[in-house]
Structures are given as C-alpha cells and as structure tokens.
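Worksheet for the structure shown next.
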Amino acid sequence: MKQRLLGKTPDELKTVALEAGLPKFAAGQMARWLYQKKVRTIDQMTDISKAGRAALNERYEVGVTPYSRLQVSSDGTRKYLFPVEGIFSRSLQCPPGKDVTGPVNAPATEAGAVEAVMIPDGDRATLCVSSQSGCRMGCRFCMTGRQGFHGHLSAADIISQFISVDESDALTNAVFMGMGEPLDNYENVARAIEVLTSDWGFAWSPKRITLSTIGVLPFLKRFLDESRCHLAVSLHNPFPDERLSMMPVENAYPIEDVLELIRQYDFTGQRRVSFEYTMFAGFNDTKRHADALSRMLAGLECRVNLIRFHKIPDFPYGPSSQGVMELFRDRLSRAGITTTIRASRGEDILAACGMLAGRHKDKSV
1 MKQRLLGKTP DELKTVALEA GLPKFAAGQM ARWLYQKKVR TIDQMTDISK
51 AGRAALNERY EVGVTPYSRL QVSSDGTRKY LFPVEGIFSR SLQCPPGKDV
101 TGPVNAPATE AGAVEAVMIP DGDRATLCVS SQSGCRMGCR FCMTGRQGFH
151 GHLSAADIIS QFISVDESDA LTNAVFMGMG EPLDNYENVA RAIEVLTSDW
201 GFAWSPKRIT LSTIGVLPFL KRFLDESRCH LAVSLHNPFP DERLSMMPVE
251 NAYPIEDVLE LIRQYDFTGQ RRVSFEYTMF AGFNDTKRHA DALSRMLAGL
301 ECRVNLIRFH KIPDFPYGPS SQGVMELFRD RLSRAGITTT IRASRGEDIL
351 AACGMLAGRH KDKSV
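FYI, full-length UniProt numbering numbers position 81 of the sequence shown as 81, with every residue one higher than the one before it.
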C-alpha cells in the first residue's frame, strides 16, 4: 500500500524527497502543491521533474479521499460522506487506567464512513470536521457515541475533508465538532491543526479554528499549551451526578477538574472558551440548573451556547421549548454570563449537533 503525502510536514517531505532522489528543495514544492494548490495526484506537481514524479509515484500518493455522497438541507447545510480505509486497525490513545468509553467496535457505519458538515452563514462557510469513526465516549444523547468506536482518523483523513468538499476554497472557519472526540485522537488532530495554521500549510489563523471536547484532561492541557485555537467544552449539566448519568467521561475527568485547568489560562484576549449546553426538557433546563451553572462559571471570561436537543430513538428526554431556553438564557445573562441560543442547522438531513452517525438518508445529490 502506498504512503500518503497529505499530512506530512516539510521536514518529513524532505526525507521523502531525498529517498526519491530529489533535491531537498522539492519538499517545499510538494508542500505548496499539497496544501496551497490542493492537487489530487503527484502527476499534477508539474514543477517536479517527470522522473522525480515517477519515483514518488512508486511509493507515495497524495492521499485525498473524495466524498462518496452529499446531502443538502433545506437551510443550505451540506453533509458529506467520506469512506475511510484501514481504520479498524488503528490503536486507541486514551491514557491507561482511564475508562471513559462506550462500546468499542460496534456495528460498522457505511463501509467505515465518516461525515463532515459545511454550514453556510452569510459570508462565513464553516466546516464541521470529524476526527474519529464513531466515538468511545458513550454520551447517551449523541448518535455518534451510541454507534460505538471504530477507529481514529489519520491527519491525512482529516485534512482530506477540507480539500474534498465542494467549498474547499471558500471555507472561512473550521470546528472539530463532527464525529469523534478530538482529544481522544490528539496526535492526529494536532498534526491536522499544524497543517491548517502553518505558513507552509493552509496558513489559516488559529482564530478560524475551534476544537470541541468533553474534557479529556491530559490532552486538553497539551492542546491549551500547544495551540492558540478556540476551545469549546461540552458541559450539558452543572451537577456531577446528573452529568455522569448522561456522560461517562464525568467519572474519569470531572467537569470541576476541567474547569480548574481552564482557569489557569488566559481567555481575555483573542482566544475564546465557550461551553456547549444541550437542553433536555425536565432534566437540565430548570432555574436550579441555570443558577448552578452561573456559580460554576463565575469569574471566567466565557460564553455559553445553548443547543436545542434533536430527538433520537430510544432516548427518554425531548428538547426544551423555545420559551424555556429563552428563560434559561436570560437568567444566565443576568448573572453576567454571555449566553446565546445556537441556531439549529441541517436537522432534516441528520446533520445537526449530535446526529452524525456515518449513515445517509435517501435524499442525496
């Protein structure tokens, strides 16, 4: 099987060049073709000699995976399905002794497929990108988590999503909020972010990227130390016992410990931290919850995003009403917590928060 060039750094491409009998400067040429011009084949790297391209083709390929299906929502949201090969053999990265998992190797998605969602909003085009096939975290209200874990995506798999979508050249932002827990696949996610933000890569500002996590602490610290990207934390309940009933990660990495770490970093400048709060009718949408959340976040420069729950099968709770969500928002706002109600996008094609499962409905293009 050929190795993929996508996801490699200039130093690694230099090694590739030398092994193929090319000069060192060919590494810079390859990086430009891969990340700026976004070619699909080595033969398109026309400023590398024909003999050099032939040598590269013997052992390497670019590694871009085209999408296999596309669905378009009535609100313009676009959901892409990507096949992923060889994913079932990839190892886990969770630290030893920390059992945060749901089912592993549950029934497969469509041929080990993953999904990415492009969300248009005025002059913004945001790609919601996946980092794993399935998820080990086992959150009860998430379709991805309920399907089990199938494997980590490589950096090439992640970057390929950015290149393969039809809007590739028009993307303005990215959120690691698709399938999987990004910090459970930290090395590959960090490599993808390096490609996105480096001058030799996509040359994006870190301010264009948000990583969403439920709080895998060892890798959260590394992310905060090694990156300037924005952070979003899936909180969903301020009471540990209630949060644990929905999110097994609370047992391994309590939200109070996550907040203790976050408070050690500066979020008063260009970097932001937000907290995602999906609202379930009669479970976490009361005044008691709003007041506890206010106390929990007091003094922290942050934003709370309230998310309407999208009903899934075999789950006991439904979504909170719009009126209840507005009352909850207003109570947090009066306590000094900047709070917004996030608009729901792509629900009709199962592209909204918590609905990605690597399966497409019949409606496609």
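Each residue gets a CB set at the ideal place from its N, CA and C atoms; glycine is no exception.
Residue closest to residue i, alpha-carbon to alpha-carbon, out of the options
{"i": "Ala116", "options": "Asp123, Cys128, Asp266, Gly122", "result": "Cys128"}
{"i": "Arg303", "options": "Ala292, Arg288, Ser274, Lys8", "result": "Ser274"}
{"i": "Tyr60", "options": "Gly134, Gly7, Ala292, Asp47", "result": "Gly7"}
{"i": "Ala170", "options": "Lys207, Gly122, Cys135", "result": "Gly122"}
{"i": "Ile337", "options": "His310, Ile312, Glu301, Ala343", "result": "Glu301"}
{"i": "Thr41", "options": "Ile163, Pro120, Gly134", "result": "Ile163"}
{"i": "Leu224", "options": "Tyr186, Leu306, Gly52", "result": "Tyr186"}
{"i": "Gln161", "options": "His150, Asp184, Gln132", "result": "Gln132"}
{"i": "His230", "options": "Gly63, Ser245, Asp266", "result": "Asp266"}
{"i": "Phe141", "options": "Val324, Ser154, Gly323, Ile312", "result": "Ile312"}
{"i": "Leu259", "options": "Ala298, Lys287, Ser227, Thr286", "result": "Ala298"}
{"i": "Ile119", "options": "Phe149, Lys79, Gly148", "result": "Lys79"}
{"i": "Val62", "options": "His236, Lys38, Glu326, Gly318", "result": "Lys38"}
{"i": "Glu276", "options": "His236, Pro206, Ala252", "result": "His236"}
Where the alpha helix (DSSP H) through residue i begins and ends
{"i": "Ala289", "result": "For the record, residue 289 in the displayed sequence is His; it is not Ala. It spans 287-297 - the alpha helix (DSSP H) in which His289 sits, taken as one unbroken run."}
{"i": "Phe223", "result": "217-226"}
{"i": "Ile193", "result": "186-197"}
{"i": "Gly145", "result": "143-146"}
Distance between beta carbons of residue j and residue i, contact taken as under 8 angstroms
{"i": "Tyr67", "j": "Leu81", "result": "6 angstroms"}
{"i": "Ala292", "j": "Ser320", "result": "With 8 angstroms as the limit, Ala292 and Ser320 do not qualify as a contact, their Cβ atoms being about 16 angstroms apart."}
{"i": "Ile112", "j": "Val84", "result": "Note on identity: in this sequence residue 112 is Gly, with Ile being the wrong assignment. Sure, about 5 angstroms apart at Cβ, within 8 angstroms."}
{"i": "Thr340", "j": "Asn305", "result": "6 angstroms"}
{"i": "Ala155", "j": "Asn188", "result": "5 angstroms"}
{"i": "Met279", "j": "Arg308", "result": "7 angstroms"}
{"i": "Val114", "j": "Met179", "result": "5 angstroms"}
Where residue i falls: helix, strand or coil (DSSP)
{"i": "Glu167", "result": "coil"}
{"i": "Glu246", "result": "Per the sequence shown, the amino acid found at residue 246 is Met instead of Glu. In this structure, Met246 counts as helix in the three-state DSSP scheme."}
{"i": "Gln264", "result": "coil"}
{"i": "residue 369", "result": "Residue coverage of the chain in this structure runs from 1 to 365, which leaves residue 369 outside it and unanswerable."}
{"i": "Leu183", "result": "helix"}
{"i": "Val16", "result": "helix"}
{"i": "Val62", "result": "coil"}
{"i": "Leu34", "result": "helix"}
{"i": "Arg69", "result": "strand"}
{"i": "Ser160", "result": "helix"}
{"i": "Ala174", "result": "strand"}
{"i": "Ala232", "result": "strand"}
{"i": "Arg272", "result": "coil"}
Beta-carbon contacts of residue i that lie in its chain and below 6 angstroms, excluding the five residues immediately before and after
{"i": "Ile159", "result": "Leu6, Gly7, Ala192, Val195"}
{"i": "Cys139", "result": "Gly145, Met247"}
{"i": "Thr65", "result": "Phe82, Ser160"}
{"i": "Thr172", "result": "Arg124, Ala125"}
{"i": "Val324", "result": "Asp285"}
Bounding residues of the beta strand (DSSP E) (the contiguous stretch that carries residue i)
{"i": "Leu305", "result": "A small fix is needed here, since residue 305 is Asn in this sequence, not Leu. Note, Asn305: beta strand (DSSP E), 303-308."}
{"i": "Arg78", "result": "78-82"}
{"i": "Ala113", "result": "Where Ala113 is concerned, there is no enclosing beta strand (DSSP E), given that its DSSP letter is neither H nor E."}
{"i": "Gln132", "result": "132-134"}
{"i": "Leu332", "result": "Leu332 -> not in any beta strand (DSSP E); alpha helix (DSSP H) instead, spanning 322-334."}
{"i": "Gly151", "result": "149-152"}
{"i": "Cys139", "result": "No beta strand (DSSP E) contains Cys139, which DSSP labels as neither H nor E."}
{"i": "Ile209", "result": "209-213"}
Below-8 angstroms beta-carbon distance, residue i vs any chain D residue
{"i": "Ser333", "result": "Chain labels in this structure do not include chain D; a single protein chain is all it has."}
Any non-hydrogen atom of the ligand GDP closer than 7 angstroms to residue i Cβ
{"i": "Arg308", "result": "Ligands displayed in this structure: none; no statement on the ligand GDP is therefore possible."}
Residues of its chain near residue i, where Cβ-Cβ distance is below 7 angstroms and the 5 sequence neighbours each way are ignored
{"i": "Ala335", "result": "Ser294"}
{"i": "Ala290", "result": "Phe328, Arg331, Leu332"}
{"i": "Ala20", "result": "Gly52, Ala55, Leu56"}
{"i": "Phe219", "result": "Leu183, Tyr186"}
{"i": "Ala31", "result": "Pro10, Leu13, Trp200"}
{"i": "Gln29", "result": "Met45, Asp47, Ile48"}
{"i": "Phe239", "result": "Ala292"}
Same chain, Cβ closer than 8 angstroms to residue i, neighbours up to 5 away in sequence not counted
{"i": "Glu181", "result": "Ser131, Gln132, Cys135, Arg136, Met137, Thr213, Ile214, Val216"}
{"i": "Leu18", "result": "Lys24"}
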